[in-house]
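Structure, as structure tokens:
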Amino acid sequence: MTRFYFFRSATVLTLFVLLSLVGWAQLPTPTNSVMSDIKPGSILFFPKYSSNPSSPQLGDTQINITNTSANRAVSLHLFAVDGSSCSVADSFVSLTANQTASFLMSDFDPGVTGYLMGVASDGGPTKSNFLIGSEYIRETDGRSGFLQAYTVAKISDDPAPDDGNGGAQLIFNGIEYERLPSSVGLASFNSQVTDNTQINILSPSGNYIDSAAPSAASLFTLVYDDAERSLSTSVRVICYTTFNLSSLRVSGGLNNVVSAGRTGWIRFSNSARPIMGAALTRGPVFTGGHNLHILGLLNSYTITVPNF
119 MTRFYFFRSA TVLTLFVLLS LVGWAQLPTP TNSVMSDIKP GSILFFPKYS SNPSSPQLGD
179 TQINITNTSA NRAVSLHLFA VDGSSCSVAD SFVSLTANQT ASFLMSDFDP GVTGYLMGVA
239 SDGGPTKSNF LIGSEYIRET DGRSGFLQAY TVAKISDDPA PDDGNGGAQL IFNGIEYERL
299 PSSVGLASFN SQVTDNTQIN ILSPSGNYID SAAPSAASLF TLVYDDAERS LSTSVRVICY
359 TTFNLSSLRV SGGLNNVVSA GRTGWIRFSN SARPIMGAAL TRGPVFTGGH NLHILGLLNS
419 YTITVPNF
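Set out below in structure tokens:
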């Protein structure tokens, strides 16, 4: 009786595993879904990196990139954007099937604060919706977090259009690539009387070949308290900005709007430029970080990158 029961249980378990694998194989992530930080894609955005080259143990960023394809290798064209000058440093990393790679920004771009974009490439931008990424970040002031990379899937099988000047056009319109965010939100923040929340916002320029910085964009910003009252302000960003929440210029001051023991949330929006970002919080009880949530999408946006 006991032996029969064991055989039956093992058989059921085996069937369950096989059916699960079949279900997994038949339900891939849709390539025309919305960009996010929870699925694979062909383009990765890491919302912040920084490092302390003189004391990496006190401040550094570890970038992690994984190719989830079981049978296809891929190269990734990396663009490290300096948040202060908007200058771009590029490099390549190649991954075999099922390979993961990690590197420190203190080695790759020491002493710089900014964001990192990676584009699947085979001599030019290509479709390889198998890439996922994450980062560990620790700053000199003790602030730290584990952030997922935003991923953008390539929808079209066609190569990215050539601009005729050695550049390839990444068109984020829901046809070539998934669309990029026009509005992002910080779901909740504790009163800055007790906590210190740092906001990091990136706004990709339309050209990663031209060294000229893009024009500044003004982000319409709404701050809400936990009683649904809202106040508006604005945030200026060229390609990247980092600021503490307490520095937001709102009527009455943020610490009076969201007083000790209360919580609030924030929405950032721009109708012409994409925006993404992350929040890093240091407090007396809770410390950590997470990406800003996507609340709206641009109809179309184009980024030109080197076509190699």
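Residue numbers are given in this note's numbering: position 160 of the sequence shown equals residue 278, and the series is strictly consecutive.
The C-beta atom is built at its ideal place from N, Cα and C for all residues, glycine as well.
Bear in mind that the values here come from a model prediction, so they are computed numbers and not experimental data.
Own chain, CB closer than 6 Å to residue i, minus 5 neighbours either side, in chain order
i: threonine 360; result: Asn318
i: threonine 244; result: Ala238
i: methionine 223; result: Tyr167, Ser169 and Thr179
i: asparagine 417; result: none
i: alanine 143; result: Low per-residue confidence applies at alanine 143: pLDDT is 48, beneath 50, and the placement is therefore not dependable enough to give any value.
i: leucine 398; result: Arg261, Gly263, Gln316 and Gly407
Assigned exposure category for residue i - 16 Cβ within 10 Å defines buried
i: phenylalanine 210; result: exposed
i: valine 192; result: buried
i: aspartate 259; result: exposed
i: glycine 229; result: exposed
i: alanine 215; result: exposed
i: phenylalanine 290; result: buried
i: asparagine 247; result: buried
i: glycine 282; result: exposed
i: serine 300; result: buried
i: isoleucine 156; result: exposed
i: phenylalanine 386; result: buried
i: proline 158; result: buried
i: asparagine 409; result: buried
i: glycine 379; result: exposed
For residue j and residue i, believed in contact at Cβ under 8 Å, the rounded distance
i: valine 341; j: histidine 411; result: So it is not a contact: roughly 16 Å between Cβ atoms.
i: serine 154; j: threonine 269; result: 7 Å
i: leucine 366; j: threonine 351; result: 6 Å
N- and C-terminal bounds of the alpha helix (DSSP H) containing residue i
i: asparagine 373; result: 372 to 375
Residues near residue i by beta carbon distance below 8 Å, same chain, minus five either side
i: glycine 141; result: Low local confidence applies: a pLDDT of 44 at glycine 141 is under 50, so the model's placement there is unreliable, with the coordinate-based value given in what follows. Cβ within range, chain order: n/a, list empty.
i: proline 424; result: His195, Asp208, Gly284, Gly285, Ala286, Tyr326 and Ile327
i: proline 174; result: Leu222 and Ser224
i: arginine 297; result: Val152, Met153, Phe290, Asn291, Leu415, Leu416, Asn417, Ser418 and Tyr419
i: proline 171; result: Ser224, Pro228 and Gly229
Segment limits, beta strand (DSSP E) that includes residue i
i: valine 302; result: 299 to 308
i: isoleucine 156; result: Where isoleucine 156 is concerned, there is no enclosing beta strand (DSSP E), given that its DSSP letter is neither H nor E.
i: serine 350; result: 348 to 355
i: phenylalanine 426; result: Per DSSP, phenylalanine 426 belongs to no beta strand (DSSP E) and is neither H nor E.
i: aspartate 343; result: 335 to 343
i: isoleucine 412; result: 411 to 415
i: serine 323; result: Note, serine 323: premise wrong, no beta strand (DSSP E); not H, not E.
i: isoleucine 289; result: 285 to 290
Residues of its chain near residue i, where Cβ-Cβ distance is below 7 Å and the 5 sequence neighbours each way are ignored
i: serine 377; result: Ser309 and Val311
i: serine 323; result: Cys204, Pro332 and Cys357
i: asparagine 182; result: Thr218, Ser220, Gly251, Ser252 and Glu253
i: serine 336; result: Ser352 and Arg354
Extract the residue ranges of the alpha helix (DSSP H) inside the stretch 171 to 259, only unbroken runs of 4 or more that lie entirely within it. Within the stretch 171 to 259, the complete alpha helix (DSSP H) runs of at least 4 residues are 223 to 226.
Residue ranges of each alpha helix (DSSP H) run of no fewer than 4 residues wholly in the stretch 372 to 409, ordered along the chain? Counting whole runs of 4 or more residues, the stretch 372 to 409 contains the alpha helix (DSSP H) stretches 372 to 375.
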